[in-house]
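For my numbering, add 61 to where a residue sits in the sequence shown, where the first one is 1. Note that the Cβ used here is the ideal one computed from N, Cα and C, for glycine as well. Source: prediction; values computed, not measured. Have a look at the structure below before the remarks.
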Amino acid sequence: MKLTFYRPPIMEKKHIYIDLFAGCGGMSLGLYHAGWHGLFAIEKDPMAFETLKHNLIQKKNHFDWPEWLPETSHDIKEVMRKYRSKLQALEGKVDLVVGGPPCQGFSMAGKRKEGDKRNKMIDAYVDFVRLVRPKMLFFENVKGFTVGFKKGDDRGRAYSDYATSALRDLGYNVQAEILDFSEYGIPQRRKRFILVGLLRGDAKKFFRVLAHGRETFLRKKGLGATCAIGSAISDLYQINGTIDSPDSRNFKAGVYSRPRSNFQKLMKSETESLSVPDSHRFANHSEETVRLFKDLLQRAERSKRIDGNDREKYGLKKRGITVLGEKDPSPTLTTHPDDYVHYLEPRILTVREYARIQSFPDWYELRGKYTTGGEQRVKEVPRYTQLGNAIPPLFGEQVGLTLKKIKNGRPNPV
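Following this line, the structure appears as structure tokens:
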């Protein structure tokens, strides 16, 4: 059986959306597969936008991009300042606005800072909604978005409460929940704050319809309710053989073996003729690092982060690391690839393996640097970071199908 993504009927009425803080296009890709049509996407980082542009604009012609907005990376505040009247003219013409403002300031996995200027992007999201007034909203952020920042012995108001209140003041019926993407066919335990807003109707229905349709959706894809990391990337081993990296001097890249699971067949469904995966470049580890990783593979418990005092047993210098478990979903992928050791080989994951775990199909090619460091970490969004920040497209497709049902008045659960 050939496994493919959903393609909408040709005569179906267009469902129009705008993607804010679009990153490399994970949510837009999911909506593309669900039969939505993009108007435009706003993403500040040039590398992340180049990935979205290459795949969804140039390859798929997915966006009906307006002439008044240059087809390049943009800061959302600048867009609202320069094109305010154009945005106001869209009122009543946009079905959906999606997007999650940058999450690094909220993340419990990083250095959580209330003063992080990226936290204030929630105001820009609300201002944009106020201008365009779409019929529906979809908002995603890290679980830490629901936890207030500490103020002495107390915690302040959570940004999730602020966002919910601000959108209700604009007239939206709003509902928010924490969802684990591993329950939606993603080979990764990734819990996220999900908010849906409707100008008309009960937003609670979204979560009931989404959960109700999950089993049927995954069965049509040939997938189970859960997916282990081995089922996602076991055709991408380094022991399959290597070639000189097509896009990086002095690096080796991997080749495919035959698909070993339905998930892999789905990810490769539009790349049957390719023998070399995109962005499957292996890290040039030092001999010391390889010895450390081999020791971890022999001795460390799988799927459990090694941190605190446990680091001394293995001579770890970094804050923490996780040895992945082949038969488990991955932990939440961060923007730091050296947080994880491959479950079979003494190395970190490649960008393509990151993409697989995030459910990006293999035809989706990443653009920009592979990594960055130092002060550039807060300024640039290279390939690993693009994927670590992304919404898994397979989940986004389920969101898109659910929102179409609600928009068309065809939701099943009451």
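(request) May I have a chain-ordered list of the beta strand (DSSP E) segments no shorter than 3 residues that lie completely inside the segment 285-328? (result) 303-305, 313-315
(request) Using the DSSP secondary-structure output, state which residues sit across from methionine 197 in a beta bridge. (result) As a first step, residue 197 is located in the sequence shown; it is residue number 136 there, counting from the start. Methionine 197 is bridged to Leu157, Leu259.
(request) Examine the Cβ distances between the segment 425-442 and the segment 218-229 and report whether three or more of them are shorter than 8 angstroms. (result) These segments do not touch.
(message) Considering only their Cβ atoms, is the gap separating isoleucine 304 from alanine 314 smaller than 9 angstroms?
(response) Position 253 of the sequence shown holds residue 314. Position 243 of the sequence shown holds residue 304. Yes; because the gap between Cβ atoms is below 9 angstroms, this pair is in contact.
(message) When you compare the CB positions of aspartate 308 and aspartate 423, do they come within less than 9 angstroms of one another, or not?
(response) As a position in the sequence shown, residue 308 is number 247, starting the count at 1. As a position in the sequence shown, residue 423 is number 362, starting the count at 1. Contact flag unset, no.
(message) Judging by CA-CA distance, which residue of Leu130, Glu152, Val190 is the nearest neighbour of lysine 143?
(response) By 1-based counting over the sequence shown, the position of residue 143 is 82. Comparing Cα positions, the closest option is Leu130.
(message) Taking the alpha carbon of tyrosine 425 as the reference point, which residue from Phe456, Thr383, Val442, Thr332 has its own alpha carbon closest?
(response) Reading the sequence shown from its first residue, position 364 is the one you call residue 425. That would be Thr332, whose Cα lies nearest to the Cα of tyrosine 425.
(request) Determine the closest residue to proline 163 out of Leu157, Leu151, Ile137, with distance taken between C-alpha atoms. (result) Here residue 163 refers to the residue found at position 102 of the sequence shown. For proline 163, the nearest C-alpha among the options comes from Ile137.
(request) Pick out the complete alpha helix (DSSP H) segments inside the segment 218-288, 4 residues or longer, and give them in chain order. (result) Within the segment 218-288, the complete alpha helix (DSSP H) runs of at least 4 residues fall at 220-230, 265-282.
(message) Determine whether the beta carbon atoms of histidine 123 and serine 89 lie at a separation below 9 angstroms.
(response) Residue mapping note: residue 123 aligns to position 62 of the sequence shown, counting from 1. Residue mapping note: residue 89 aligns to position 28 of the sequence shown, counting from 1. Cβ atoms of histidine 123 and serine 89: closer than 9 angstroms.
(request) Could you check the C-alpha separation between histidine 403 and serine 364 for me, to the nearest Å? (result) Along the sequence shown, one-based indexing puts residue 403 at 342. Along the sequence shown, one-based indexing puts residue 364 at 303. Distance between the alpha carbons of histidine 403 and serine 364 is about 11 angstroms.
(request) Return the first residue and the last residue of the alpha helix (DSSP H) that valine 337 is part of. (result) Position 276 of the sequence shown holds residue 337. Where valine 337 is concerned, there is no enclosing alpha helix (DSSP H), given that its DSSP letter is neither H nor E.
(message) Quick check: the Cα distance between proline 398 and asparagine 450, rounded to an integer number of angstroms?
(response) If you number the sequence shown from 1, residue 398 lands on position 337. If you number the sequence shown from 1, residue 450 lands on position 389. Distance between the alpha carbons of proline 398 and asparagine 450 is about 12 angstroms.
(request) For glycine 381, write down the residues that DSSP places opposite it in a beta bridge. (result) In the sequence shown, the residue the question calls residue 381 occupies position 320. Partner(s): Asp368.
(message) Measuring only from the beta carbon, is phenylalanine 354 closer than 8 angstroms to any heavy atom that is part of the ligand FMN?
(response) As presented, the structure is devoid of all ligands, the ligand FMN included, so that no description of it is given.
(request) Starting from glycine 386, trace the alpha helix (DSSP H) both ways and give me its first and last residue. (result) The residue labelled residue 386 in the question sits at position 325 within the sequence shown. Counting along the chain, glycine 386 falls outside any alpha helix (DSSP H), and DSSP gives it neither H nor E.
(request) Go to glycine 449, then tell me how far its alpha helix (DSSP H) extends in each direction, as first and last residue. (result) Reading the sequence shown from its first residue, position 388 is the one you call residue 449. Residues 444-450.
(message) Just to confirm, is the Cβ distance from tyrosine 317 to leucine 353 under 9 angstroms?
(response) On the sequence shown, position 256 is the one that residue 317 refers to. On the sequence shown, position 292 is the one that residue 353 refers to. No, they are not a contact pair.
(message) Does alanine 102 come out as helix, strand or coil in the three-state DSSP assignment?
(response) Residue numbering aside, residue 102 sits at position 41 when the sequence shown is read from its first letter. Note: alanine 102 maps to strand in three-state DSSP.
(message) Can you list, in chain order, the residues of its chain with a C-beta nearer than 7 angstroms to that of aspartate 214? Leave out the 5 residues immediately preceding and following it.
(response) Stepping through the sequence shown from its first residue, residue 214 is reached at position 153. Low per-residue confidence applies at aspartate 214: pLDDT is 45, beneath 50, and the placement is therefore not dependable, though the value from the model is reported in the following sentence. Cβ within range, chain order: n/a, list empty.
(message) For glutamine 419 and threonine 393, what's the separation of their Cα atoms in angstroms?
(response) Residue mapping note: residue 419 aligns to position 358 of the sequence shown, counting from 1. Residue mapping note: residue 393 aligns to position 332 of the sequence shown, counting from 1. Near 10 angstroms, if we compare the C-alpha coordinates of threonine 393 and glutamine 419.
(request) Assign arginine 440 to buried or exposed, taking buried as 16 or more other Cβ atoms, counted over all protein chains shown, within 10 Å of its Cβ. (result) Position 379 of the sequence shown, counted from the first residue, corresponds to residue 440. The amino acid at residue 440 is misidentified as arginine; the sequence shows lysine. By the neighbour-count rule (16 or more Cβ atoms within 10 Å), lysine 440 is not buried but exposed.
(message) Just to confirm the assignment, what range does the alpha helix (DSSP H) spanning aspartate 356 have?
(response) Residue 356 sits at position 295 when you count from the first residue of the sequence shown. Where aspartate 356 is concerned, the enclosing alpha helix (DSSP H) stretches over 348-360.
(request) For aspartate 156, count neighbouring Cβ atoms within 10 angstroms of its own Cβ and tell me buried if that reaches 16, exposed if not. (result) Here residue 156 is taken as the residue at index 95 of the sequence shown, counted from 1. It counts as buried.
(message) For a minimum of 4 consecutive residues, which ranges assigned as the alpha helix (DSSP H) are wholly contained in the segment 395-469?
(response) Those alpha helix (DSSP H) runs which fall completely within the segment 395-469 and span 4+ residues are 412-418, 444-450, 454-468.
(message) Measuring alpha carbon to alpha carbon, tell me which residue in Glu244, Asp241, Ser391, Tyr223 is nearest valine 235.
(response) Here residue 235 refers to the residue found at position 174 when the sequence shown is read from its first residue. Taking valine 235 as reference, the option from Glu244, Asp241, Ser391, Tyr223 with the minimal CA-CA separation is Tyr223.
(request) Identify whether arginine 471 lies in helix, strand or coil by the three-state DSSP scheme. (result) As a position in the sequence shown, residue 471 is number 410, starting the count at 1. If DSSP states are grouped into helix, strand and coil, arginine 471 belongs with coil.
(message) For threonine 287, tell me which candidate among Gly87, Ser134, Ser391 has the shortest Cα-Cα distance.
(response) Stepping through the sequence shown from its first residue, residue 287 is reached at position 226. Nearest of Gly87, Ser134, Ser391 to threonine 287, Cα basis: Ser391.
(message) Going by C-alpha to C-alpha distance, which of Ser292, Ser334, Thr277 sits closest to glutamate 414?
(response) On the sequence shown, residue 414 is found 353 positions in, with the first residue counted as 1. That would be Ser292, whose Cα lies nearest to the Cα of glutamate 414.
(message) Can you look up asparagine 116 in the DSSP assignment and give me helix, strand or coil?
(response) Counted from its first residue, the sequence shown places residue 116 at position 55. Reduced to three states, the DSSP call for asparagine 116 is helix.
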